[in-house]
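Some notes on the structure that comes next.
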Amino acid sequence: MEQTPLILTLSLDPAAQAYFNALRTLHFPPERNYLHAHLTLFHHLTIPEKEIMETVREVCLSQKPFLLEVTGLLPLGRGVAFKLESETLLTFHAQLRQRWLPALTAQDQQKLRPHVTVQNKVTPEAAKALLHKLNGEFKPFTTKATGVMLFKYLNGPWQFLQQFDFNQAESLAS
940 MEQTPLILTL SLDPAAQAYF NALRTLHFPP ERNYLHAHLT LFHHLTIPEK EIMETVREVC
1000 LSQKPFLLEV TGLLPLGRGV AFKLESETLL TFHAQLRQRW LPALTAQDQQ KLRPHVTVQN
1060 KVTPEAAKAL LHKLNGEFKP FTTKATGVML FKYLNGPWQF LQQFDFNQAE SLAS
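Following our numbering, the numbering of the sequence shown begins with 940 at its first residue and continues without gaps.
Next up, the structure:
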């Protein structure tokens, strides 16, 4: 029997999460919007759940919360996303990717391109209009990564499994 795929996302500070969720609620087609805004680290993990949890717990214990720069908007053709940048995030992702590499899908083997989608599955015209509107209002800002969340993919909706917080004992990594 094939294992249900798991998804690993980055946890953001509450203010940034609320901002992205509000935009997603406004601009994502309601019939398809059954998820909060998220930054996906791995899209389709089929490694045994216990092994994933052990690895994530271990890596998160040695990772301090870190800053991410929200630097602009990305056109997705039929949607819009915010682009985020952080060398610490790329290093964190690469560390997990290296541990799981033989079992990863082609998509999850690639270098991470961090983004948070606030609109998808709309007409190209609607996406262009939102991109134009958001570009007119956008000012770069900084947010904080606080941990990761693990979900089970249920052919559309996701089932939350566990939150893994980064080690709070130290100051922010830059």
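The beta carbon of each residue, even a glycine, is placed where N, CA and C say it ideally should be.
Keep in mind it's a predicted model, so treat the numbers as computed, not measured.
Asked, Found
"Test item: CB-CB of HIS966 and VAL1055 under 8 Å", "no"
"Simplified DSSP assignment, three categories, for LYS989", "helix"
"Length of the line joining the Cα atoms of ALA1068 and LEU1015", "12 Å"
"Neighbourhood of LEU1100 by C-beta, 7 Å cutoff - its chain only, sequence neighbours within 5 removed", "LEU1089, PHE1090, LYS1091"
"Environment of SER1110 [buried if 16+ CB atoms lie within 10 Å]", "Unreliable positioning characterises SER1110 in this predicted model, as indicated by a pLDDT of 45, which lies under 50. The coordinate reading is nonetheless provided below. Classification of SER1110: exposed, given that the 10 Å Cβ count is below 16."
"6 Å CB neighbourhood of ARG963 in its chain, flanking five on each side removed", "ALA976, VAL1057"
"Boundaries of the alpha helix (DSSP H) in which LYS1067 is found, first to last residue", "1063-1076"
"Option nearest LEU947 by Cα separation, candidates PHE1077, ASP1047, PRO968", "ASP1047"
"Coarse secondary structure for HIS982, derived from DSSP in three states", "strand"
"Closest residue to LYS1072 among LEU1040, GLN1049, LEU984, ALA1020 (Cα-Cα distance)", "ALA1020"
"Three-state class that DSSP yields for LEU974 in the structure shown", "coil"
"Which residues DSSP lists as bridging HIS966, in chain order", "For HIS966, which the question treats as bridged, DSSP gives no partner whatsoever."
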